Ligand SMILES: Cc1cc2nc3c(=O)[nH]c(=O)nc-3n(C[C@H](O)[C@H](O)[C@H](O)COP(=O)(O)OP(=O)(O)OC[C@H]3O[C@@H](n4cnc5c(N)ncnc54)[C@H](O)[C@@H]3O)c2cc1C
């Protein structure tokens, strides 16, 4: 098994920490490693933004080689696989057979382990819920070295703590998930230009149940004067008869876009207010206001073919500010957050909005709740974290919360205010992992592990 001291970061490139990295090829090796480690965290494909999959100066179990598909039941679409399988692998395997992911985040380059431990969500959260709604069973390697199978019926409390549990309950080894049957690999998409916050929320209220998928790209550089300038993006899986002749020849196997790899050579100022302001204007005006059939990649992952795009932020990296705000407060929150960035001259290079619902059953630390999720990518500078702490106070006032897989800067008090089921989670953790074998830099920073 590969073992090496390495520098690691999340997708935001901050913080950068050292760790002893272990990369098992087989589940039996992963089991052996964990039995011998006193302080370890699982890492999937490193697409969380902050320090959720870091463990400064301790062990990190990289699960990317635990990537075998175990079984697939074609009539029902039930798939069993190892935790290192990526969502991209699943699409490649299942789409030609007429199945797609029931929930997808804006990148397919994450692992099943990361999707479960982060309870990820997509632009159908308000109708279908988050990833956990389609997870039937998890095989978890626990602190006492035993592999436990948990589900809604068996070891229910462990199941709901592991969903969204950031790897702190153990190592997910395998999972069983349900896929979604589709006729084609295309989306019947609709793009509507929106000029301000009021129009955006009016359209969202009116149209949120019309389509399977709804999201809005926000012009993060629009400033407080044009807050809410956005593109409302909606879509449904296209049916076979909606495709044109060329598409009908390969309805489930559209041609892939050529991948482009961004080299690691860009200074921190490559993306700046001027360049991004121009790009955003182009993006906004380029979209014609009508419906069209697009490949699923273009709809769900518009930048999926740009590998390592995080390098464009340079070595300083960026912070993702991702919050969910109850519907009643959401329009005010969007306006105020854009005003806040404007006043503090914080440039925002990427911003998205998605709709969310509450689920009766969710992970104890799952992020989503009824309302609107807002995501802002902000280039990091020395003052940014302090400024964001001030903004966190507003999020708490609006009864919102920040995403833990995006986080690199929250304080322990923020966590306690935002996650009311934290104590239940910690109580269960204490029961199943009294020595705190599973810990991460994030868990220590947020006071989830006694120091
Ligand atoms: C471009 C981009 C777009 C994104 N869009 C979305 C989005 O739309 N919605 C959304 O919800 N998220 C989104 N994310 C975030 C991403 O989906 C989550 O952070 C996801 O958890 C990353 O999975 P990963 O395999 O890379 O895991 P990592 O980043 O390696 O780890 C994330 C967490 O999962 C735990 N973990 C990983 N594997 C295991 C395992 N085998 N057992 C136990 N714990 C494990 C880690 O300990 C860590 O706490 C996006 C990320 C990127 C880079």
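Residue numbers (the numbering used here): -5 to 445.
Backbone N, C-alpha and C define an ideal beta-carbon position, used for all residues, glycine too.
Treat the numbers as computed from the prediction; the structure is a model and nothing was measured.
Task: Straight-line Cα distance separating residue 269 from residue 172 - done: Straight-line Cα distance between these residues: approximately 42 angstroms.
TODO: May I have the straight-line CA-CA distance separating residue 91 from residue 271, to the nearest angstrom?
DONE: Separation of residue 91 and residue 271 (C-alpha to C-alpha, rounded to the nearest whole angstrom) is 42 angstroms.
Task: Counted within 10 angstroms of its Cβ, other Cβ atoms place residue 139 as buried (16 or more) or exposed - done: exposed
TODO: Check whether the region 57 to 64 touches the region 115 to 130, taking contact to mean three or more Cβ pairs, one atom from each stretch, closer than 8 angstroms.
DONE: Taking a cut-off of 8 angstroms on C-beta distances, the region 57 to 64 does not touch the region 115 to 130, as fewer than three cross pairs fall below it.
Task: Close-in-space but distant-in-sequence residues of the same chain around residue 294 (CB under 6 angstroms, 5 per side omitted) - done: Residues of the same chain with a CB within less than 6 angstroms of the CB of residue 294, apart from the 5 flanking positions on each side, are 98 in chain order.
Task: DSSP beta-bridge partners of residue 162 - done: DSSP, once it has assigned bridges, lists no residue as partnering residue 162.
Task: Three-state secondary structure assigned by DSSP to residue 238 - done: coil
Task: residue 258 in three-state terms, based on DSSP - done: coil
Task: Contact set for residue 362: own chain, Cβ-Cβ below 7 angstroms, skip 5 residues either direction - done: 115, 119, 124, 318 and 350
TODO: In angstroms with no decimal places, state the Cα-to-Cα distance between residue 175 and residue 67.
DONE: Roughly 12 angstroms separates the two Cα atoms.
Task: 6 angstroms Cβ shell around residue 406 - same chain, five flanking residues per side excluded - done: 440 and 441
- [ ] State yes or no: is the beta carbon of residue 325 nearer than 8 angstroms to at least one beta carbon in chain D?
- [x] Absent here is chain D; the protein component of the structure consists of one chain.
Task: For residue 11, the residue or residues it bridges with in DSSP - done: The partner list for residue 11 (beta bridge, DSSP) reads 2.
Open item on the list: Cutting at 6 angstroms between CB atoms, please list the residues of its own chain near residue 436, excluding the five before and the five after it.
Closed with: 45 and 46
Task: Residues that residue 133 bridges to, as DSSP identifies them - done: 143 and 168
- [ ] Could you spell out where the beta strand (DSSP E) holding residue 373 opens and where it closes?
- [x] 365 to 373
- [ ] Return the chain-ordered list of same chain residues with a C-beta closer than 6 angstroms to the C-beta of residue 74, the five sequence neighbours on each side being excluded.
- [x] 64, 65 and 170
Open item on the list: Three Cβ pairs or more, each shorter than 8 angstroms: is that satisfied between the region 371 to 382 and the region 239 to 259?
Closed with: no
Task: residue 93 - partner residues in DSSP beta bridges - done: Residue 93 is bridged to 175.
- [ ] Please name the residue in 358, 81 and 367 whose C-alpha comes closest to that of residue 328.
- [x] 367
Open item on the list: Can you tell me whether residue 114 sits near ligand 1, meaning its C-beta is under 7 angstroms from at least one heavy atom of the ligand?
Closed with: yes
TODO: Give a single yes or no on whether residue 109 has its beta carbon closer than 7 angstroms to a heavy atom of ligand 1.
DONE: yes
Task: Residue from 7, 33, 11 and -1 whose Cα sits closest to the Cα of residue 445 - done: 33
Open item on the list: If distances are taken between C-alpha atoms only, which option among 373, 365, 410 and 364 comes closest to residue 386?
Closed with: 410
Open item on the list: Give me, in chain order, the residues of the same chain whose beta-carbon lies closer than 7 angstroms to that of residue 137; leave out the 5 immediate sequence neighbours on both sides.
Closed with: 164, 426, 427, 429, 431 and 432
TODO: Using 7 angstroms as the cut-off, classify the Cβ of residue 243 as near or not near the heavy atoms of ligand 1, replying yes or no.
DONE: no
Task: C-beta contact flag for residue -1 and residue 14 at 8 angstroms - done: Taking 8 angstroms as the cut-off, the beta carbon of residue -1 is found closer than this to the beta carbon of residue 14.
Open item on the list: My output table needs one value for residue 302: the three-state DSSP class, helix, strand or coil.
Closed with: coil
Open item on the list: Tell me the residue span of the alpha helix (DSSP H) that contains residue 448.
Closed with: Lying outside -5 to 445, the shown extent of the chain, residue 448 is not represented and no answer is given.
Open item on the list: Using only the alpha-carbon positions, how far apart do residue 208 and residue 314 sit?
Closed with: 21 angstroms
TODO: Would you check if there are 3 or more beta carbon pairs closer than 8 angstroms linking the region 252 to 262 to the region 223 to 238?
DONE: no
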